[in-house]
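Number of protein chains: 2
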Amino acid sequence: MVGGAAQDIRGQILAHATRLFARQGFSGTSVQQIAERVGIRKPSLLYHFKSKDTLRREVVEQTLQHFQKVLPELLLSARDHQFDRVMGSLTGFFRDDPDRARLLVREILDQPEEMRERIAKYVTPWVQLLGDQLERAKERDLVRPDVDVEAYAMQVVTSLVANLAFIASMGNVLPDHGAHGAGTDRVIAEMTRIARASLYVDAASPADASDAPAQTPPSRERAIQTHADQRDGEGKKQ
Amino acid sequence: MVGGAAQDIRGQILAHATRLFARQGFSGTSVQQIAERVGIRKPSLLYHFKSKDTLRREVVEQTLQHFQKVLPELLLSARDHQFDRVMGSLTGFFRDDPDRARLLVREILDQPEEMRERIAKYVTPWVQLLGDQLERAKERDLVRPDVDVEAYAMQVVTSLVANLAFIASMGNVLPDHGAHGAGTDRVIAEMTRIARASLYVDAASPADASDAPAQTPPSRERAIQTHADQRDGEGKKQ
DNA sequence: CCTACCGATCGGTAGG
DNA sequence: CCTACCGATCGGTAGG
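For the record, the sequence lines run as chains A and B. Sequential numbering of the first sequence, starting at 1, is according to our numbering. Sequential numbering of the second sequence, starting at 1001, is according to our numbering.
Written as structure tokens, this is what we have:
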């Protein structure tokens, strides 16, 4: 309640700054430009954020915090199964606002030191948690023995962010054959397939009945193929 | 011979511009900064390239032309086998000068329209050629039937460029366990493994005779696993 | 949140 | 390839 309107302005500044930094880059965007979109003067903006660089930091922090807030439920609710669900949710975060992906890629290039720290803070814990789960799945012979679980997890995140950032900027480069025209979906589908196929041991090797917990007809139930086509609704360009 | 020295200056400008654009971005780099490194004055630089934007275009064009000049031999000499060799050479191009990767990523974000055209010109033909080869390998049951060959090829290139650009900027994010500290190799090794494992049909599954077409112990001859462990020397975490 | 204003730097041109 | 110089814009401050 207190300062509700001021909060709103701060939020507007952050929102417009995110958009512009993502699309034009930090040094390609002037404080003046951001202020214009918000509908205030430049010195007023600099009252809320005491420098352009402060604004940049808060924009990035906000994006990563949102990521951190949303990620846990996805990964924790998904054990070693539900592969497509995890991929779909992860993809969804960046699809909901592709500027997030563009912003992160730009920051990696522009502020590498800072981003190293932020990744250590926001991403690495989850990569390690996922890595542990995969390591256990490996012991149960569900995951290929030669997977470098940490590098794999990091790779999936990297591909995802890069792909979404690139598509957001230039659209899909693949020729759109077929009537449906959703090239983005095609890229994401193949990316998901690659991630899945390179992770799991292929169709059951019969002999590991010894190994697998008794309960299961192991490879089939894996729930992994569930939504192989998970994104129908939104990103579609029709 | 004619204008040899002038050519040299032009080349120096291009070289320093590539470096600076890759590391600081286009709008984060001033003409003055480039001129300083070359050891000339700003107006002299603008005699060789009539605007900053012209310089940018030539920098990008030069990088892509080098790529185009070097790629054919790699891909043509490699048929459906020699997977690791192709990946290695492709990786090598960007490893030789990681600024190439950073520059391309930046251009995708900064000049998406232009990059769409350039990718269509420089990359798509090779993606399609590779796609054709993979499609044939698919008919011979070497490649997984569900691979989207074009999307796959594009994905491999995208991952490669993104990974190298990120590593060039921030180094490796993975904890360096093991004494040697070559985290880059580890990332590239896992990226290569993912690309290979998600492409080829897996090693013969003994008991699924029921499932598999009668014909084949197909997977053995594949020549594909040649260097399946090409990261022994370097990337291994030991 | 504003007007007024700062020094610094930007890309680029004139003119030789 | 240089000196000299241009108008425009940059991030930011003073002061209210």
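Positions of the beta carbon are idealized from the N, C-alpha and C atoms, including for glycine.
Residue-chain proximity (residue i, chain B), Cβ-Cβ < 8 Å
i       : result
P112(A) : yes
L174(A) : yes
T124(A) : yes
F166(A) : yes
T158(A) : yes
L109(A) : yes
S198(A) : yes
A182(A) : no
V60(A)  : no
I34(A)  : no
E135(A) : no
R193(A) : yes
F56(A)  : This sequence places Arg at residue 56(A); Phe is not what is there. It does not: the Cβ of R56(A) has no partner Cβ on chain B nearer than 8 Å.
I119(A) : yes
D202(A) : yes
R140(A) : no
Anticipated Cβ contact below 8 Å, residue i with residue j, distance rounded
i        : j        : result
F1093(B) : V1070(B) : 6 Å
V1147(B) : A1195(B) : No, V1147(B) and A1195(B) are not in contact; Cβ-Cβ is about 11 Å, not under 8 Å.
K1042(B) : V1059(B) : That belief does not hold up - the Cβ atoms of K1042(B) and V1059(B) are roughly 17 Å apart, past 8 Å.
D1099(B) : T1192(B) : Not a contact, Cβ separation roughly 22 Å.
P1112(B) : S27(A)   : Wrong, their Cβ atoms sit about 18 Å apart, outside the cutoff.
L1104(B) : V1201(B) : The Cβ separation is near 32 Å, so there is no contact.
L1164(B) : R1095(B) : 7 Å
A197(A)  : S1159(B) : That belief does not hold up - the Cβ atoms of A197(A) and S1159(B) are roughly 14 Å apart, past 8 Å.
V264(A)  : A153(A)  : Coverage of chain A is limited to positions 1 through 238, which leaves residue 264(A) absent and any answer about it impossible.
V161(A)  : A120(A)  : Contact doesn't hold; Cβ gap of about 16 Å is too wide.
R37(A)   : L1109(B) : Actually they are not in contact, since the Cβ atoms of R37(A) and L1109(B) sit about 20 Å apart, beyond 8 Å.
L1243(B) : A1017(B) : What the structure shows of chain B is the stretch from 1001 to 1238, and residue 1243(B) is not part of that stretch, so it cannot be assessed.
Collapsed DSSP secondary structure at residue i in the structure displayed
i        : result
V173(A)  : coil
V1161(B) : helix
A212(A)  : Since pLDDT at A212(A) reaches only 36, below the 50 mark, its modelled position is unreliable, and no value is offered.
V156(A)  : helix
A101(A)  : helix
Q7(A)    : helix
D1132(B) : helix
D1110(B) : helix
V1123(B) : coil
D289(A)  : Outside the modelled stretch of chain A, which goes from 1 to 238, sits residue 289(A), for which no answer is possible.
S27(A)   : coil
Q12(A)   : helix
D1148(B) : coil
Min CB distance residue i to chain A below 8 Å
i        : result
S1205(B) : With a pLDDT of 47 at S1205(B), under the threshold of 50, the modelled position of this residue cannot be trusted; read the value that follows with caution. True, the Cβ-Cβ gap to chain A drops below 8 Å.
S1030(B) : no
M1087(B) : no
R1095(B) : no
I1224(B) : Low local confidence applies: a pLDDT of 34 at I1224(B) is under 50, so the model's placement there is unreliable, and no value is given.
G1025(B) : yes
E1190(B) : yes
Q1155(B) : yes
S1169(B) : yes
V1143(B) : no
R1102(B) : yes
R1038(B) : Reading the sequence as shown, one finds Val at residue 1038(B) and not Arg. Output row for V1038(B): interface = no.
A1017(B) : no
D1148(B) : yes
Y1152(B) : yes
V1187(B) : yes
Which residues DSSP lists as bridging residue i, in chain order
i       : result
V143(A) : Y200(A)
key: Within the region 30–75 of chain A, ranges of the alpha helix (DSSP H) (whole runs, at least 4 residues)   = 31–38, 42–48
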